[in-house]
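Numbering follows our numbering, with no gaps: position 267 of the sequence shown is 267. By construction, the Cβ of each residue, glycine as well, lies at the ideal position given by its N, Cα and C atoms. On a predicted model such as this, the values are computed, not experimentally measured, just so you know.
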Amino acid sequence: MLRVCSFESRRAVEMRSLIERQGASATVAPSMKEIPIENNETALAFGQQLKRGEIDIVIFLTGVGAQALLDVLQSRHTLEEIQNWIGRTLVVVRGPKPVAILRQAGIRVDHRAAEPNTWREVVRLIDDTPIPVAGQTIAIQEYGQPQKELARSLEDRLATVIPVPVYRWELPDDLSPLEEAVRRTVAGEFDVLLFTSAQQAVNVLEIADRLGIKDAWLNAARQCVIGSIGPTATETLDGLGLSPHLQPSHGKMGHLVLETLAFAKTSCR
């Protein structure tokens, strides 16, 4: 039986079920939590800029972030006002999750980037459509960390970029499951490691470093089959010297589990 470790947090129960349905042993160690930014003056200022018609394009990157931003705006404005103000802009989304949130809020979506839904696909969409950005003011709903590559690419195309952060990532309150998973990795107790975000890899390595076993964890992880949800996570893992063995055909948890475990079943014989 394959021994699989995932570092999923928000959908930990679903991840465990997906792994076990493939006949594998599942360890799920939450590695991060999303913290809404309280008293978000930047988001509130963005609302005022929308109201004054100073924003030309809004880019929504995540469903959680889109909902958080709408919640902040609705603390000061009515939904109808927000609908009208955003309706005057061109709305671009990175993937399916913000589409669902925006449609539920009655907000039109003009363009959606193709899979695998990274910042590169957003830029490619802008170039190919083409969406004129030179001289335009573009607001980017950020998530967890600054979207430097996307902002730089838009600025290279002579746009003015306004980042709108709505939540940040931190380590979970209870670190014991993650610490145990790190130690068990070093002990060689896992065949497969699954990463569904770049930040998971960063946080896992931070815990390994705190425990004084960073190099040992990296060496042990390289003996495992590593599955990465998509290009952003893969870039981070590559930078850590942990090149994934597999990136699924679609950036979904189900595809990640199914395809990585199918690969592992042949390679771990």
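Item	Value
Where Ser17 sits in the DSSP three-state scheme	helix
According to DSSP, residues forming a beta bridge with Ile226	Leu193
Residue range of the unbroken beta strand (DSSP E) whose run includes Gly144	137-144
Meets three-Cβ-pair contact criterion under 8 Å: the stretch 82-94 and the stretch 48-58	yes
Best match in Asp238, Val123, Gly106, Ile107 for proximity to Ala113 [C-alpha to C-alpha]	Val123
Limits of the unbroken beta strand (DSSP E) element including Leu50	Per DSSP, Leu50 belongs to no beta strand (DSSP E); it is in the alpha helix (DSSP H), 41-51.
Own chain partners of Thr62 with C-beta closer than 7 Å, once the 5 adjacent residues on each side are dropped	Lys97, Pro98, Tyr143
Local Cβ density within 10 Å of Gly279, reported as buried at 16 or more and exposed below that	Outside the displayed span of the chain (1 to 269) sits residue 279, for which this structure offers no information.
Endpoints, alpha helix (DSSP H) assigned at Leu90	No alpha helix (DSSP H) contains Leu90, which is instead part of the beta strand (DSSP E) from 90-93.
Residue from Ile55, Asp128, Val109, Leu175 with nearest C-alpha to Met160	In the sequence under discussion, the amino acid at residue 160 is Thr, which differs from the Met named in the question. The residue with the shortest Cα to Cα distance from Thr160 is Ile55.
Ile101 burial status per 10 Å Cβ neighbour count (16 or more: buried)	buried
Cβ-Cβ separation, Ile140 to Val164 (assumed contact under 8 Å), whole Å	6 Å
Bridge partner(s) assigned by DSSP for Glu33	In the sequence as displayed, the identity of residue 33 is Lys instead of Glu. Looking at the DSSP assignment, Lys33 forms a beta bridge with Glu170.
His111 (DSSP reduced to helix, strand or coil)	strand
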